[in-house]
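Chemist:
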Amino acid sequence: MARGRRPGHQDTRESVLTAAREVFADKGYDGASVRAIAAAAGVDPSLIHHYFGTKEQLFLAAMQAPINPAELIPRILTGDREHMGERLVRTLLHVWDSPAGGAAAAMVRSAVTNDMMARMLREFVVKRLIRRVLADVVSDPAEAATRGTLVASQIAGLIMIRYLIRVEPLASAPPEEIVAMVAPTIQRYLVGDLTA
């Protein structure tokens with residue numbers, strides 16, 4: 115049997131994505147390494163960098179994520195702390211009301227029935243999105259975890275009711291109306307008093 119790096123064909127790229135899904139689901143984003151993914155796929159780590167660039171880009175490709183957190187986080191963080199909840203909800207609605215929303219809905223539906231997809235979606239939402247937002251406003255990791263979980267619960271509920279189950283009147287409410295209703299709760303979860 116020949117040894118060495120596998121040829122760079124489409125089946126190799128798919129093998130890397132399959133291995134990445136398994137390693138990310140098993141070890142989480144932080145615990146997964148490019149070397150471990152390359153070993154699971156039977157390829158040289160440089161081939162992963164060739165196809166995907168960075169570990170984050172590989173993660174997004176493995177998830178088939180319709181959005182890139184690096185593009186969204188600045189929208190949420192730019193501005194004063196007092197309106198961060200509004201910016202987060204407005205950004206969320208913008209993504210879900212765009213063509214990317216269909217792919218995001220498919221990803222959430224898959225996560226409901228597939229354990230591996232659920233673990234990857236959890237990593238994506240909590241660690242790649244919410245944790246990055248909270249890193250700028252909360253210094254205590256335990257507090258950030260609690261706040262992140264609360265934000266995720268509110269976002270998940272909004273997504274399920276508005277976009278997946280389509281319960282009225284929320285399903286057809288104008289985005290700015292939803293921002294006005296939901297953002298104060300998100301704001302409290304992000305930076306407010308959690309005991310109030």
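Using my numbering, you'd call the opening residue of the sequence shown number 115 and step up by one each time. Even glycine gets a Cβ: it sits at the ideal position worked out from N, Cα and C.
At which residue ranges does the region 206-278 contain complete beta strand (DSSP E) runs of 3 or more residues, listed in the order of the chain?
Modeler: Taking only runs of at least 3 residues, no beta strand (DSSP E) segment lies wholly in the region 206-278.
Chemist: State the start and end residues of the unbroken alpha helix (DSSP H) segment that holds residue 153.
Modeler: What you label residue 153 is simply residue 39 of the sequence shown in a count that begins at 1. Its alpha helix (DSSP H) spans residues 148-155.
Chemist: Assign residue 237 to one of two classes, buried (16 or more other C-beta atoms within 10 Å of its C-beta) or exposed (fewer than that).
Modeler: The sequence position of residue 237 within the sequence shown is 123, counting from 1. Under this definition residue 237 is a buried residue.
Chemist: Answer with buried or exposed for residue 67, where buried requires no fewer than 16 other C-beta atoms within 10 angstroms of its C-beta.
Modeler: Residue 67 lies beyond the range of the chain shown here (115 to 310); nothing can be said about it.
Chemist: According to the Cβ coordinates, are residue 199 and residue 285 closer than 8 Å?
Modeler: For the purposes of this step, residue 199 is identified with residue 85 of the sequence shown, where counting begins at 1. For the purposes of this step, residue 285 is identified with residue 171 of the sequence shown, where counting begins at 1. No, Cβ-Cβ distance for residue 199 and residue 285 is not below 8 Å.
Chemist: Of the choices 303, 185, 233 and 295, whose alpha-carbon is the least far from that of residue 252?
Modeler: Counted from its first residue, the sequence shown places residue 252 at position 138. Cα-wise, what sits closest to residue 252 is 303.
Chemist: In or out: residue 205 buried (at least 16 other Cβ within 10 Å) or exposed?
Modeler: By one-based count along the sequence shown, residue 205 stands at place 91. Buried: at least 16 other Cβ atoms inside 10 Å.
Chemist: Identify whether residue 140 lies in helix, strand or coil by the three-state DSSP scheme.
Modeler: To locate residue 140, count along the sequence shown from 1; it is residue 26. Looking at residue 140 - three-state DSSP - the assignment turns out to be helix.
Chemist: Alpha helix (DSSP H) containing residue 297: first to last residue?
Modeler: For the purposes of this step, residue 297 is taken as the residue at position 183 of the sequence shown. It spans 289-305 - the alpha helix (DSSP H) in which residue 297 sits, taken as one unbroken run.
Chemist: For the putative contact between residue 232 and residue 181, defined by C-beta atoms under 8 Å, what is the C-beta separation to the nearest angstrom?
Modeler: If you number the sequence shown from 1, residue 232 lands on position 118. If you number the sequence shown from 1, residue 181 lands on position 67. Going by Cβ atoms, the distance from residue 232 to residue 181 rounds to 18 Å, so no, they are not a contact pair.
Chemist: What's the gap between the Cα of residue 273 and the Cα of residue 163?
Modeler: What you label residue 273 is simply residue 159 of the sequence shown in a count that begins at 1. What you label residue 163 is simply residue 49 of the sequence shown in a count that begins at 1. Whole-angstrom Cα-Cα distance: 34 Å.
Chemist: Please list, in chain order, all residues of the same chain as residue 305 whose beta carbon is under 6 Å from its beta carbon, the five residues on each side excluded.
Modeler: Counting from one through the sequence shown, the residue named residue 305 turns up at place 191. Excluding sequence neighbours, residue 305 sits near 195 and 251.
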